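Note sheet for the following structure.
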Amino acid sequence: MTTDNSMNRRTFIKTSAAAIGAACAGTIVPIAPAAVHAASVKGGAGYDASAFTACDMCFNRCGAIARLRGGRVVKLDPNPYFVKSRGMLCGRGAAGMGQLYDKDRLREPLLRVGKRGEGRWKPVSWEYALNLAAERYLEIAKKYTRCGVVFYFGSDMQTSFARRFAEAFGSHNVATQESVCLFSTHRAYLDTFGEVVMPDLRNARYVLMPGSNRFEALVTPDSSDLMEMLQEGGKLCVVDPRCTKTAALATDWLQIRAGTDLALALALIHVIITEKLYDAAWVEEHTFGLDRLAAHVAGCTPDWAAGETGLPSERIVRVAREMAQAAPRALVYPGRRTSDYVDSTQIRRGWAILNALLGNFDCRGGLMVPSPFRLRGIPQKMPWYDDNPSERLDESRIPLPFKEEASFVPLREGVISGKPYPAAGWLVFKTNPMQTAPDQAKTLAMIDRMEFIATIDILMSDTAHMSDLVLPAHTYLERDDPCQVLPGGPAGPCVVWRKPVVPPLYDTRNPFDIFKGLAERMGLGEHFNFSVDGFRAAQLKSLGADTERAGRELAEKGVYIPDTPLYGLYEGKASYKTSSKKIDLWSGLYEKRKQDPLPVYVRPKQGEGFRLIVGRNALITHASSQNNAILAAYVPTNTLDINPGAAAALGIQDGDLVEVSSSVGKGRLRARLDPGMEKGCVYMHTGFGALSPHVSLQHNNGACIVALMEDAMDAVSGNAAHHETFVRVRKV
Ligand SMILES: Nc1nc2c(c(=O)[nH]1)N[C@H]1C(S)=C(S)[C@@H](COP(=O)(O)OP(=O)(O)OC[C@H]3O[C@@H](n4cnc5c(=O)[nH]c(N)nc54)[C@H](O)[C@@H]3O)O[C@H]1N2
Ligand SMILES: Nc1nc2c(c(=O)[nH]1)N[C@H]1C(S)=C(S)[C@@H](COP(=O)(O)OP(=O)(O)OC[C@H]3O[C@@H](n4cnc5c(=O)[nH]c(N)nc54)[C@H](O)[C@@H]3O)O[C@H]1N2
Ligand code: SF4
Ligand SMILES: [Mo]
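Numbers 327 to 1058, taken from our numbering, label the letters of the sequence shown in order.
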């Protein structure tokens, strides 16, 4: 295994000019700040002013430059210094001002009048709104303990303040959108390697990508790095039941039968072990349980997997050999939204084990260990509430819950059942479970249990629509945000912050001021005894000797790139953070928790009709950009994507109105015939068919996918399982 650990990010940049010219197959490629795109940073003719910001159209937070004219943001350009996105901005990023100037934006705090969901509101002052919320949450805490209030937060640079508020308030029941996203991958990689790894796509020579659509579901830097790797002759094999844009651009596409990935993973492991294609010395030194793994996969032949997956066995063998040949610069992409099946963690364990056999851990072109670089803000002294129950609402429902936060689906079950204890208060910040958690009827049942719900959003989302109090927040272009460290793969981490690009519109507030305002009214003001600016200063101060440089670079370039090691972080370390202290092929932890210590393939559940699968479009973010008029012009509604043969059998033609029904709901939308769809699956975009009349482009437009999806979760982590629903389709 070659691991050249002598380089860190700084030396990377210095050596990059020569290396970029020399970039060709077989070369290790460093990443330079996008000086390559030497675009003008300041101004550009025709603008009054320019300001750095970090895009907030999705969690990637790509560096951007806002161009202003007449006090309005008229254009968003990429920040060429921003290495994480390799100096680029996507279509959604370029449309960011559509959020700021959305005519449907919330303009003042709103109090529900009439029944929940009736859509009738009364404007109230901030003073009234914050007093009311503080009073109601304290009342609920008195009645049911602090854990009777549930917190649900989305991905944001202020989520740390939201968590701080929840900590101060003292409820254990805090969840984030990650549990409807990637908990199962986190679980699988933590339990195999002891780390949540990152792929080094830029330097890999072979990438196997099961169930990810990186050229549409954009993740920076992965999307750009993958394209560059391909352009330089690296191989990409996509495994997906749909011919996605990523599959279309790949060197190889395996159209797998949905839900059978683990059979493929076990067969690839079988070939690598039986043909002895792994580095025996490395595997012996670093992993635990090879003998048990070998016995476990003995019967998982390519022929057997072919029967399960629908893939030809020769292709399975070929993939295994090609991967092994490229190792250690070969990897199985760990994946991001892995909330698919009831055995998602075990599927991801299968892929993690295959990665371990490729010996690609902690090395170039393989899996990277997260950087130890950290920023510390202002420490918080946690209060203690004696009467709190000892457990969280989700914990007894899953064998391996995360310590730091709850999983939303089992938490919701806890609220609905009132077991192990009742909860009656809910605070929602920047997430929209009414559109992104499977089974909308269950989310409504959870809402029914609540005595008080407040939602902080920029729009009247479906969740806000079902709340009692709606608190309008600044958009990112109006906001003061703390610093955040973002991972940049082989370019290393970088730090961004946000300062307001324009003064806030309407009577909206910074979420920080909302949390601080609530804390002060609850006698918890000491937890927010600072300003956002003070918090940022503390974060930078924690960098010691680099404080000044970091502040200067953030001001002058919109980003700070610390000097930090990238590879070989485990070199010289005696042990891994796993049960065996080695890479766990066989997991003692799983045995202890009565889970399969080696992943066991179970044929996926079958139902009548089609399996409904979810995914992304390059110009949509979840359920939150459909009301953006700039983007809606490109993707005005959602369709039901269906294989033409399957559609013909139902008498359905392209553009026909169809009714889709599952055991939990129904919806109507137009059919789109897609020859790239596997026959047994149908697909539709998320975030349409909104109930809320105040999101005019989303309301009654297309069908709402989560209204159709059944309530299911991964058996190990409680991650929502989005692909376990079968639907019937008929022409209307
Ligand atoms: N444009 C855009 N980009 C985004 C986002 C966005 O909303 N919009 N969201 C961001 C977020 S939060 C995330 S988590 C990531 C998500 O990134 P991805 O996980 O890459 O996104 P998906 O589009 O959900 O891709 C999952 C793919 O798995 C396929 N699939 C379904 N069932 C199976 C199966 O059984 N086996 C296999 N092998 N494949 C299967 C689906 O057809 C789909 O193409 O994207 C991020 N980037
Ligand atoms: N059916 C289906 N369900 C899914 C997925 C899927 O593909 N299909 N994907 C899953 C994945 S990977 C993820 S990560 C989750 C994401 O699920 P969510 O976290 O619910 O994502 P969004 O729909 O982006 O919701 C973000 C909310 O924040 C609001 N918002 C936007 N900007 C701001 C702001 O500046 N301030 C405030 N306060 N609010 C703002 C938006 O209006 C919206 O209501 O969904 C998961 N669920
Ligand atoms: S990927 Fe696109 S939407 Fe997401 S942060 Fe980057 S530019 Fe913005
Ligand atoms: Mo996600």
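Where is the CB? At the ideal position from N, CA and C, for every residue including glycine. None of the values given here were measured: they were computed from a predicted structure.
Note that the C-beta distance between Trp579 and Val564 is below 8 Å. Separation of the CB atoms of Phe385 and Ser481 is rounded to 4 Å, and the pair is thereby assigned contact status at 8 Å. No residue range can be given for Trp710, since it is assigned to no alpha helix (DSSP H) and is classified by DSSP as neither H nor E.
The nearest non-hydrogen atom of ligand 4 is 7 Å or more from the C-beta of Arg438. Counting along the chain, Lys561 sits inside no alpha helix (DSSP H); it lies in the beta strand (DSSP E) bounded by residues Lys561 to Val565. Measuring C-alpha to C-alpha distances from Gly676 to each of Arg513, Phe491, Glu739 and Tyr960 identifies Arg513 as the nearest.
Distances taken from the Cβ of Ala944 to the heavy atoms of ligand 1 include one shorter than 7 Å. The beta carbons of Tyr886 and Ala871 sit no closer together than 8 Å.
For Asn405, the shortest C-beta to heavy atom distance toward ligand 3 is 7 Å or greater.
DSSP lists Arg438 as the bridge partner or partners of Trp447. Taking 8 Å as the cut-off, the beta carbon of Ser639 is found no closer than this to the beta carbon of Asn1045. In the DSSP annotation of this structure, the continuous segment of the beta strand (DSSP E) that includes Tyr532 starts and ends at Tyr532 to Pro536.
Segment contact: the region 426–434 against the region 409–416, fewer than three CB-CB distances shorter than 8 Å; contact not assigned. Taking 8 Å as the cut-off, the beta carbon of Ser988 is found no closer than this to the beta carbon of Ser733.
Listed by position in the chain, the residues whose beta carbon lies within less than 5 Å of some heavy atom of ligand 3 are Cys381, Met383, Cys384, Asn386, Cys388, Leu415, Cys416, Arg418, Gly419 and Leu544.
Two segments are said to touch when three or more pairs of C-beta atoms, one from each, lie closer than 8 Å; by this definition the region 765–774 does not touch the region 804–820. Three or more beta-carbon pairs separated by less than 8 Å are not found between the region 568–582 and the region 606–626, which leaves the two stretches without contact.
By the Cβ rule, the region 844–857 does not count as touching the region 913–924, because fewer than three pairs are nearer than 8 Å. For Arg540, the Cβ stays outside the 7 Å cut-off from all heavy atoms of ligand 4. With 16 or more other CB atoms across the displayed protein chains lying within 10 angstroms of its CB, Tyr478 is buried.
Taking 8 Å as the cut-off, the Cβ atoms of Ala997 and Ala973 count as close. For Lys756, the number of other beta carbons within 10 angstroms of its own is at least 16, and it is reported as buried. Here Ser376 is bridged, per DSSP, to Arg393. Membership of Phe699 in any beta strand (DSSP E) is not indicated, and neither H nor E is assigned to it by DSSP. For Ala501, the enclosing beta strand (DSSP E) begins and ends at Val500 to Thr502. Annotation: Pro808 is outside any alpha helix (DSSP H); the continuous beta strand (DSSP E) that includes it extends over Asp807 to Leu812. In this structure, the beta-carbon distance from Arg1054 to Gly941 does not fall below 8 Å. By the criterion of a C-beta distance shorter than 7 Å, Gly440 is surrounded in its chain by Arg446, once the five residues flanking it on both sides are discounted. According to DSSP, residue pairing for Tyr886 in a beta bridge involves Val821. For Tyr927, the distance from the CB to the nearest heavy atom of ligand 2 is not below 7 Å. The region 595–613 and the region 1024–1038 do not touch, with fewer than three beta-carbon pairs separated by less than 8 Å. The C-beta distance from Ala530 to Ala392 rounds to 35 Å, too long to fall under 8 Å, and the pair is not in contact. The beta carbon of Glu731 lies closer than 8 Å to those of Val500, Ala501, Thr502, Glu504 and Ser505 in the same chain, with the five residues before and after it left out.
Listed by position along the chain, the residues with Cβ atoms less than 5 Å from a non-hydrogen atom of ligand 4 are Cys507 and Arg663.
The alpha-carbon of Glu493 is positioned some 18 Å away from that of Leu456. With 16 or more other Cβ atoms from the protein chains shown falling within 10 Å of its own Cβ, Leu938 counts as buried.
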